[in-house]
Structure formats: C-alpha cells, structure tokens
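Asks:
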Amino acid sequence: MPPTPIDAVDKRQDFYRRLGENALSPLWLSLAALVTPQPSSGCRARLWRYPELRALLMEAGELVSVEEAERRVLVLENPAFAGQSRVTTSLYAGLQLVMPGERARSHRHTQSALRFVLEGTGAYTAVDGERTTMHPGDFIITPSWQWHDHGNDTDDPVIWLDGLDIPLVQALDASFAEHLGVVEQPVSRPTGDSLARYGANLLPVDHRPTGLASPIFSYPYSRTREALETLRRNGDPDAWHGHKMRFVNPVTGGFAMPTIGTFMQLLPAGFDGRPYRCTDATVYTAIEGEGRTQVGDQTIEWSARDVFVVPSWSPVRHHASGDAVLFSFSDRPVQQATGLFREERSP
Ligand code: GTQ
Numbered sequence: 009m010p011p012t013p014i015d016a017v018d019k020r021q022d023f024y025r026r027l028g029e030n031a032l033s034p035l036w037l038s039l040a041a042l043v044t045p046q047p048s049s050g051c052r053a054r055l056w057r058y059p060e061l062r063a064l065l066m067e068a069g070e071l072v073s074v075e076e077a078e079r080r081v082l083v084l085e086n087p088a089f090a091g092q093s094r095v096t097t098s099l100y101a102g103l104q105l106v107m108p109g110e111r112a113r114s115h116r117h118t119q120s121a122l123r124f125v126l127e128g129t130g131a132y133t134a135v136d137g138e139r140t141t142m143h144p145g146d147f148i149i150t151p152s153w154q155w156h157d158h159g160n161d162t163d164d165p166v167i168w169l170d171g172l173d174i175p176l177v178q179a180l181d182a183s184f185a186e187h188l189g190v191v192e193q194p195v196s197r198p199t200g201d202s203l204a205r206y207g208a209n210l211l212p213v214d215h216r217p218t219g220l221a222s223p224i225f226s227y228p229y230s231r232t233r234e235a236l237e238t239l240r241r242n243g244d245p246d247a248w249h250g251h252k253m254r255f256v257n258p259v260t261g262g263f264a265m266p267t268i269g270t271f272m273q274l275l276p277a278g279f280d281g282r283p284y285r286c287t288d289a290t291v292y293t294a295i296e297g298e299g300r301t302q303v304g305d306q307t308i309e310w311s312a313r314d315v316f317v318v319p320s321w322s323p324v325r326h327h328a329s330g331d332a333v334l335f336s337f338s339d340r341p342v343q344q345a346t347g348l349f350r351e352e353r354s355p
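Quick note: the sequence shown uses my numbering, first residue 9, plus one each step.
This is the structure we're talking about:
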C-alpha cells in the first residue's frame, strides 16, 4: 500500500507536534515576538493614590497581624502583570505598614530591598546589627542576604514604599531566604554609626568594600532636601529632569544597590519639562508637592505620597505646580552594566 497523501499544511502540523514532543519549537513562528524593534512587555502606566492605598493598608492592619503576614504589604501590581507581583517587568513594589508596638521578624533573602518612608517618624528598620530611625522621605536599603527586621515603638503607624528586585531574581532563579529564628537581630552598633562612618564624605582609612551595596543603610531626607534646595537656589533646572540626583555608593561611586538605581529630583514651581524616554521602566513617588506627568498620551495627576509607574521607552514629561520632590527607582544599574541602557531627550 502507498502512504496516504497528506497536504503540506497537515505535514507542517504533524511536524510541529513532533517538535513539541521533542522539547523543540520552530523559531520562525516566534522570532518577531521575541526580538522586537522596541520594548514590548505591555507594562502600563498606572497611578496609585495615597489616600486609597492608606485606607486599604489600615484595613489590612485590622484584618491581618504582622506575625501572620510576616510583612504586612500591599503589592503594587502593574495591570499588565496581574497576579505576578510585578510593578515593572523586572521590579516589585509594595506599601508596608507597621502598627504601633509591632515587630516584623528578622529574615534575610538574596533579593535586595529599598524602603522609601512615606508616613510616620521614629519607627526603625534594623540591618546588619544597626537600627535606622525612619523619617518621611528617608531612603533606606537592605542589601542582599543581610538580616533585617522592622519595629515601631511610636504611637503612630509607619508606612513606607518597598522596592525589591524580586522579578529579576526570579528570572535568574537565584532566590534564597531564611529566618533568623528570633524576632529581632542583636543590635551590635549604635544608630547613626554607618552614616557617620560612610555617609559624611569620609571613609575609614583602611576601608575595603565587603559587598556590592552601599555601606550607608540610610540616606536621610533632611540632607537630600538640603542639597536639592541649594541646587535650586544656585541655578536653572535641567530642561528634562529638573534638579535630579542619584543616590550613590560612596565606596564605588556607583548606585547604592547593584540591581536598583534610586533617584531624587526637585521640580521647581512651574517646571514644565521636555519629553524624555529611557529603557528603564521607573516607579515614582512624590514626597512633596503636586503636579502632573505625561506618559505617552496619558496624563497622571499626582500629589504627595501617590505612587506611579512609567513603562520602558515611554516618553515622559513632568510638570510641577508648586515645588515638588520626586523619588524614583528602576533597574538602570543592571541595564548599564549589561550595555542595554538607552535614553532619548526630545527638544
Ligand atoms: O520588608 O523584608 O515588600 O522580604 C517584600 C518582601 C518587604 C521585607 C516586601 C520582603 C520585605
């Protein structure tokens, strides 16, 4: 008997099925979606208003204990990545609440974390044996694999924005985590020690870097704000960014963390920025003031403590009504280290 003739389409279908059975796939069906002419994750611009976030977080405070939650956090999920705990393709963001008297127990993980304090004065986070006191606008880091626990001995709730490289570590499949076994790590250095040692334009004379992250755990807003104010007095803002600075590891001159870049910018009253785009999708929060940011053809109107996200390669224009200060973070260090970072200023 001659073989049954099958047409070319059936032959292909049969071929693709057999490829699948052999853990293979034809590149010609996926190439255009894999290697795109421009960034194409679908990541969307989105605003979270603080009053709504805060109300939901306080509800979480009543419904879930910090012991049960370990970290009482509402994750900011990009609408394009529902259920994936991503605010951008590579980064995670969340809002964390620690109520008066609470302790979030000590643990460590390979993911790096940043905290940007939005509300409450006097709570603390302990990192590597030192407690750092929190004030609104402070930028605090938890480097990879450092023990950290949080506590609030004040009479008011403390709320901060968490930024972590969770999706990035997930992509690399390099997650490790463990609990210390006691709620609080032993305190071995007084509060303020690392800031005096590494954050005063000085370094210990024989200092050798011990890790990739900045040895300064806390960048107090009082100092950041003072520098920005002086820059504002001294000259015109950059036409795209206003007065924009990046947080620095004083040992290397690089970013404060190896995977997450952090920035603070003052937009003077009436600032009307020109369009700018870059390949690092960015999470912003205002610590002072209000304004609006055009992201592509969308306009985001923000006030103090609102959080918004800008996708990769979307044109951004900032406008500020009164003086405004924006904190932001992105995966720029990774993109720069790998030669991927691109930016474009429009006239
Ligand atoms: O505070 O240690 O938002 O481990 C996510 C994971 C916060 C933290 C988050 C964490 C933490």
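For every residue, glycine included, the Cβ atom is placed at its ideal position computed from N, Cα and C. Since the model is a prediction, treat every value here as computed from it, not as a measurement.
1) With hydrogens ignored, establish whether the beta-carbon of G189 is closer than 8 angstroms to any heavy atom of ligand 1.
2) Between H158, V259, L39, P245, which lies nearest to L419 when the distance is taken from Cα to Cα?
3) I need the DSSP call for T1, collapsed to helix, strand or coil.
4) Write down the C-beta distance between T270 and F337 rounded to the nearest angstrom, noting that I regard them as a contact closer than 8 angstroms.
5) Report the three-state DSSP secondary structure of E110 (helix, strand or coil).
6) Rounded to the nearest angstrom, what separates R350 and G137 at their Cα positions?
7) Determine, using beta-carbon pairs with one atom in the region 87 to 102 and one in the region 166 to 175, whether at least three such pairs fall under 8 angstroms.
8) Give the DSSP-derived three-state secondary structure of T238 in the structure shown.
9) Counting pairs of beta carbons, one from the region 122 to 135 and one from the region 72 to 86, are three or more of them closer than 8 angstroms?
10) Do F263 and P151 count as a contact pair if the criterion is CB distance below 9 angstroms?
11) Would you check whether ligand 1 has a heavy atom nearer than 8 angstroms to the C-beta of V43?
12) Using the C-alpha atoms, what's the distance from Y284 back to G145?
13) Please check the pair R325 and T301, which I expect to be a contact at CB under 8 angstroms, by giving their CB distance rounded to whole angstroms.
14) Would you say I174 touches ligand 1, meaning its beta carbon is less than 8 angstroms from a heavy atom?
15) Hey, out of V191, A112, P228, P194, whose CA is closest to G200's CA?
16) Can you find the residues in the same chain that come closer than 6 angstroms, C-beta to C-beta, to T129, ignoring five residues on each side of it along the sequence?
17) Going along the chain, which residues of its own chain have a beta-carbon closer than 8 angstroms to the beta-carbon of E298, five neighbours each way excluded?
18) Could you give the C-beta distance for N160 and V195, rounded to a whole number, given that I count them as a contact under 8 angstroms?
19) Using 9 angstroms as the threshold, is the C-beta distance between R233 and H187 below it?
20) In whole angstroms, give me the CA-to-CA distance for G28 and R54.
21) What does the alpha-carbon distance come out to for the pair R205 and T44?
22) Residues bridged to C286 by DSSP?
23) Please report how far the alpha carbon of P355 lies from the alpha carbon of A68, in whole angstroms.
24) Taking the alpha carbon of E352 as the reference point, which residue from A247, D339, A277 has its own alpha carbon closest?
25) Based on the DSSP secondary-structure assignment, which residues constitute the bridge partners of D280?
26) Quick one: Cα of N257 to Cα of V83, how far?
Replies: Looking at the coordinates:
1) Residue numbering aside, residue 189 sits at position 181 when the sequence shown is read from its first letter. Flag unset: Cβ of G189 not near ligand 1.
2) Nothing about residue 419 can be reported from this structure: the residues present for the chain run from 9 to 355 only.
3) Residue coverage of the chain in this structure runs from 9 to 355, which leaves residue 1 outside it and unanswerable.
4) In the sequence shown, counting from the first residue as 1, residue 270 sits at position 262. In the sequence shown, counting from the first residue as 1, residue 337 sits at position 329. Contact holds; Cβ gap of about 5 angstroms.
5) In the sequence shown, residue 110 corresponds to position 102, counting from 1. When secondary structure is reduced to three states using DSSP, E110 falls in the coil class, being assigned neither helix nor strand.
6) In the sequence shown, residue 350 corresponds to position 342, counting from 1. In the sequence shown, residue 137 corresponds to position 129, counting from 1. Distance from the CA of R350 to the CA of G137, rounded to the nearest whole angstrom, comes to 39 angstroms.
7) Put simply, the region 87 to 102 touches the region 166 to 175. At least three CB pairs are less than 8 angstroms apart.
8) If you number the sequence shown from 1, residue 238 lands on position 230. T238 falls in the helix class under three-state DSSP.
9) By the criterion of at least three beta-carbon pairs nearer than 8 angstroms, the region 122 to 135 is not in contact with the region 72 to 86.
10) The sequence position of residue 151 within the sequence shown is 143, counting from 1. The sequence position of residue 263 within the sequence shown is 255, counting from 1. Annotated as distal: P151 and F263, with beta-carbon spacing of 9 angstroms or more.
11) Taking the sequence shown and counting its residues from 1, one reaches residue 43 at position 35. No, the beta carbon of V43 sits no closer than 8 angstroms to any heavy atom of ligand 1.
12) Against the sequence shown, residue 145 aligns to sequence position 137. Against the sequence shown, residue 284 aligns to sequence position 276. Their backbone Cα atoms lie some 25 angstroms apart in a straight line.
13) The residue labelled residue 325 in the question sits at position 317 within the sequence shown. The residue labelled residue 301 in the question sits at position 293 within the sequence shown. Their Cβ separation, rounded to whole angstroms, is 7 angstroms, which keeps R325 and T301 in contact under 8 angstroms.
14) Along the sequence shown, read from residue 1 onward, the residue named residue 174 stands at position 166. In terms of side-chain proximity, the C-beta atom of I174 is found nearer than 8 angstroms to a non-hydrogen atom of ligand 1.
15) Taking the sequence shown and counting its residues from 1, one reaches residue 200 at position 192. The alpha carbon of G200 has as its nearest neighbour, out of V191, A112, P228, P194, the alpha carbon of P228.
16) Within the sequence shown, the letter at position 121 stands for residue 129. By the criterion of a C-beta distance shorter than 6 angstroms, T129 is surrounded in its chain by H143, once the five residues flanking it on both sides are discounted.
17) For this step, residue 298 is matched to residue 290 along the sequence shown. Excluding positions up to five away in sequence, the list reads E309, W310, S311, A312, A328, S329, G330, A332.
18) Position 152 of the sequence shown, counted from the first residue, corresponds to residue 160. Position 187 of the sequence shown, counted from the first residue, corresponds to residue 195. Distance from N160 to V195 at the Cβ level is roughly 16 angstroms; contact not present, criterion being Cβ atoms closer than 8 angstroms.
19) Counting from 1 along the sequence shown, the entry for residue 233 is found at position 225. Counting from 1 along the sequence shown, the entry for residue 187 is found at position 179. Not in contact: R233 and H187 (Cβ atoms no closer than 9 angstroms).
20) Here residue 28 corresponds to residue number 20 of the sequence shown, with the count starting at 1. Here residue 54 corresponds to residue number 46 of the sequence shown, with the count starting at 1. Cα-Cα distance, rounded: 38 angstroms.
21) Against the sequence shown, residue 205 aligns to sequence position 197. Against the sequence shown, residue 44 aligns to sequence position 36. Those two C-alpha atoms are separated by around 47 angstroms.
22) The residue you call residue 286 lines up with position 278 of the sequence shown. Partner(s): E351.
23) As a working mapping, residue 355 is identified with position 347 in the sequence shown. As a working mapping, residue 68 is identified with position 60 in the sequence shown. Between the alpha carbons of P355 and A68 lies a distance of about 46 angstroms.
24) As a position in the sequence shown, residue 352 is number 344, starting the count at 1. If we check each option's Cα against that of E352, A247 comes out closest.
25) Indexing the sequence shown from 1 puts residue 280 at position 272. DSSP output for D280 lists H327 as bridge partner(s).
26) Within the sequence shown, residue 257 is the residue found at index 249, counting from 1. Within the sequence shown, residue 83 is the residue found at index 75, counting from 1. Spanning the alpha carbons of N257 and V83 requires a straight line of approximately 27 angstroms.
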